[in-house]
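Take the sequence shown: its letter number 37 is residue 37 in the UniProt record's numbering, and every next letter is one higher.
Every residue gets a Cβ at the ideal spot worked out from N, C-alpha and C, and that includes glycine.
Note sheet for the following structure.
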Amino acid sequence: MTTVFHELLPESYLIILAPGTDGPSEVALADQLHCAERSGKPEVWVDCGMLNELSGEAAHLLWDAHYHLQEHYGRLVLVHVAEPVKKALLAQHLGPTPRIVPTLLDAARQVPTTLRAEARARRVVRH
């Protein structure tokens with residue numbers, strides 16, 4: 001798994017993924033999810049549009065990020081999720097699933113006001 005791009009947006013942290021060329025190592029995904037969780041953003045968007053499959057390890061990392069974000073009043077949002085990727089993620093079915101939306105615009109439209117307010121409050125406390 002390769003991180004193609006990551007960006008800190010006003011209300012979210014965006015990660016765009018692509019299949020790795022050097023095997024199934026998920027180190028890049030783990031690193032980016034960790035950075036995203038520490039960003040203080042209310043949502044982490046993971047764009048899976050370039051993926052046709054998802055390894056069990058990657059699915060596990062996404063579930064871990066989902067739970068960690070929920071504990072800290074955040075949310076994981078998966079975007080452009082192909083059916084095989086969705087099946088691999090849901091095969092582990094570890095509880096309520098992360099939000100899955102068709103486009104980044106849909107993700108942006110669905111950021112709850114409460115998450116925005118909580119994220120702003122956390123940023124003020126940190127500074």
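| Just the Cα atoms here: how many angstroms apart are Gly20 and Leu29? | Taking the sequence shown and counting its residues from 1, one reaches residue 20 at position 20. Taking the sequence shown and counting its residues from 1, one reaches residue 29 at position 29. Computed Cα separation, rounded: 10 Å.
| field | Nearest-angstrom Cβ-Cβ length linking His93 and Cys48, presumed shorter than 8 Å | value | As a working mapping, residue 93 is identified with position 93 in the sequence shown. As a working mapping, residue 48 is identified with position 48 in the sequence shown. Between Cys48 and His93 the Cβ distance is about 18 Å, and since that is not below 8 Å, they are no contact.
| request: Please state whether DSSP places His6 in a helix, a strand or coil. | output: Along the sequence shown, one-based indexing puts residue 6 at 6. In the structure shown, His6 sits in a strand (DSSP, three-state: E or B).
| Would you say Leu69 and Leu76 are within 8 Å of each other, going by their C-beta atoms? | Mapped onto the sequence shown, residue 69 falls at position 69. Mapped onto the sequence shown, residue 76 falls at position 76. Result yes, Cβ atoms of Leu69 and Leu76 sit closer than 8 Å.
| Where does Tyr13 land, buried or exposed, given buried means 16+ other C-beta within 10 angstroms? | If you number the sequence shown from 1, residue 13 lands on position 13. So Tyr13 ends up on the buried side.
| query | Would the beta-carbon of Leu33 fall within 8 Å of that of Ala59? | reply | For the purposes of this step, residue 33 is taken as the residue at position 33 of the sequence shown. For the purposes of this step, residue 59 is taken as the residue at position 59 of the sequence shown. No, Cβ-Cβ distance for Leu33 and Ala59 is not below 8 Å.
| query | Name the DSSP bridge partner or partners of Ala18? | reply | Here the question's residue 18 lines up with position 18 in the sequence shown. Its beta-bridge partners are Thr2.
| request: Pick out the complete beta strand (DSSP E) segments inside the region 42-84, 3 residues or longer, and give them in chain order. | output: 43-47 and 75-79
| field | Counted within 10 angstroms of its Cβ, other Cβ atoms place Pro98 as buried (16 or more) or exposed | value | If you number the sequence shown from 1, residue 98 lands on position 98. Label assigned to Pro98: buried.
| field | Rounded straight-line distance, which links the Cα of Pro10 to that of Lys87 | value | Within the sequence shown, numbered from 1, the residue matching residue 87 stands at position 87. Within the sequence shown, numbered from 1, the residue matching residue 10 stands at position 10. The straight-line gap from Cα to Cα measures roughly 31 Å.
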